[in-house]
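These protein sequence lines map, in sequence, to chains A and B.
First residue of the first sequence: 2, per my numbering; consecutive thereafter.
First residue of the second sequence: 2, per my numbering; consecutive thereafter.
Structure record follows, encoded as structure tokens.
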Amino acid sequence: KAGVTQTPRYLIKTRGQQVTLSCSPISGHRSVSWYQQTPGQGLQFLFEYFSETQRNKGNFPGRFSGRQFSNSRSEMNVSTLELGDSALYLCASSLVGRIGETQYFGPGTRLLVL
Amino acid sequence: ELKVEQNPLFLSMQEGKNYTIYCNYSTTSDRLYWYRQDPGKSLESLFVLLSNGAVKQEGRLMASLDTKARLSTLHITAAVHDLSATYFCAVDLGERQGAQKLVFGQGTRLTINP
Numbered sequence: 002k003a004g005v006t007q008t009p010r011y012l013i014k015t016r017g018q019q020v021t022l023s024c025s026p027i028s029g030h031r032s033v034s035w036y037q038q039t040p041g042q043g044l045q046f047l048f049e050y051f052s053e054t055q056r057n058k059g060n061f062p063g064r065f066s067g068r069q070f071s072n073s074r075s076e077m078n079v080s081t082l083e084l085g086d087s088a089l090y091l092c093a094s095s096l097v098g099r100i101g102e103t104q105y106f107g108p109g110t111r112l113l114v115l
Numbered sequence: 002e003l004k005v006e007q008n009p010l011f012l013s014m015q016e017g018k019n020y021t022i023y024c025n026y027s028t029t030s031d032r033l034y035w036y037r038q039d040p041g042k043s044l045e046s047l048f049v050l051l052s053n054g055a056v057k058q059e060g061r062l063m064a065s066l067d068t069k070a071r072l073s074t075l076h077i078t079a080a081v082h083d084l085s086a087t088y089f090c091a092v093d094l095g096e097r098q099g100a101q102k103l104v105f106g107q108g109t110r111l112t113i114n115p
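As structure tokens, then:
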């Protein structure tokens, strides 16, 4: 079974631009969560989607948004990029995102904002 | 606000030795996860602990959960070089009937020397 895939793997943008990252969950998984990993703040929860609905959201500004499609694939968008948005963005999928389910992480998208 | 604190943050040890990583959290929860991350790689699920007193073992790693003390431990027995990685604990803040929302500790960077 293929794992969680994320595209692109690496991205360089400049301040003020916007970026869209994509995540394809494991086949059959309907819950997708997004995390930001930085050396300073560590791993932080961004949001979680299930059946095209955002069920949980972390403490990030409105510049960070996401969506999920009917095939469970998910995208996250960051508008008006800031230097501090440079990070590894990880998505994780699980069957239905129920408490106690294992989340399987993708390889991540490394974003550099110049 | 939930705080998840790991101790130590850096650990250098010799092969064959035993050691324990501690994960303290600041709110009531009986849902705790352990992950491993190799340099430049994504997160790999190790253990899911879902009740007070839960103990799980895989190879040289054993994890336990004490919900009354709000403490989880990851014990390494007779360490080998292949266990060198960063280990994260995460507490699930999701509502009991709802979706997952993981809050991660800072990570413990473990280096095992021959």
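Beta carbons: idealized from backbone N, C-alpha and C, even for Gly.
All values derive from a computational prediction rather than experimental measurement.
Mind reading off the beta-carbon distance from residue i to residue j? Whole number of angstroms is fine, and I expect it under 8 Å.
i	j	result
A:Phe106	B:Leu44	4 Å
A:Arg10	A:Thr110	6 Å
A:Ser32	A:Ser94	6 Å
A:Val97	A:Arg16	Rounded, the Cβ-Cβ distance is 38 Å, inconsistent with contact.
B:Thr74	B:Tyr26	Their Cβ separation, rounded to whole angstroms, is 12 Å, which puts B:Thr74 and B:Tyr26 out of contact at 8 Å.
B:Gln38	A:Gly43	That pair is no contact at about 11 Å.
Would you mind working out which of the options sits nearest residue i, comparing C-alpha positions?
i	options	result
A:Gly63	A:Leu47, A:Val33, A:Phe51	A:Leu47
A:Cys92	A:Thr21, A:Trp35, A:Thr15, A:Ser23	A:Trp35
A:Leu89	A:Pro108, A:Thr21, A:Arg16, A:Gly17	A:Pro108
B:Leu72	B:Arg32, B:Ile113, B:Ala80	B:Arg32
B:Gly60	B:Leu51, B:Leu84, B:Val92	B:Leu84
B:Met63	B:Thr28, B:Glu6, B:Tyr36, B:Ala70	B:Tyr36
A:Ser73	A:Ile100, A:Cys24, A:Thr8	A:Cys24
A:Leu12	A:Lys58, A:Asp86, A:Ala3	A:Asp86
Using DSSP with H/G/I as helix, E/B as strand and the rest coil, what is residue i?
i	result
B:Glu60	It should be pointed out that residue 60 of chain B corresponds to Gly in this sequence rather than to Glu. Residue state, collapsed to three classes: coil.
B:His82	helix
A:Gly85	helix
A:Phe51	strand
B:Asp93	strand
A:Gly1	Nothing can be reported for residue 1 of chain A, as the shown portion of chain A is limited to 2 through 115.
A:Gln18	coil
B:Gly41	coil
B:Asp67	strand
B:Leu12	strand
B:Ser73	strand
Can you find the residues in the same chain that come closer than 7 Å, C-beta to C-beta, to residue i, ignoring five residues on each side of it along the sequence?
i	result
B:Val49	Tyr34
B:Pro115	Glu16, His82
B:Val104	Leu3, Val5, Ala91, Val92, Leu94
A:Leu82	Lys14, Arg16, Gly17, Gln18, Gln19, Val20, Val114
Please report the distance separating the alpha-carbon of residue i from that of residue j.
i	j	result
B:Thr78	B:Tyr20	7 Å
A:Val79	B:Pro40	26 Å
A:Ile27	B:Lys18	37 Å
Please return the same chain residues whose Cβ sits closer than 6 Å to the Cβ of residue i, not counting the five positions on each side in sequence.
i	result
A:Tyr50	Val33, Gln69, Ser75
B:Gly95	Gln101, Lys102
A:Gln19	Ser80
B:Leu66	Leu33, Leu50, Ala55, Ser73
A:Thr39	Ala88
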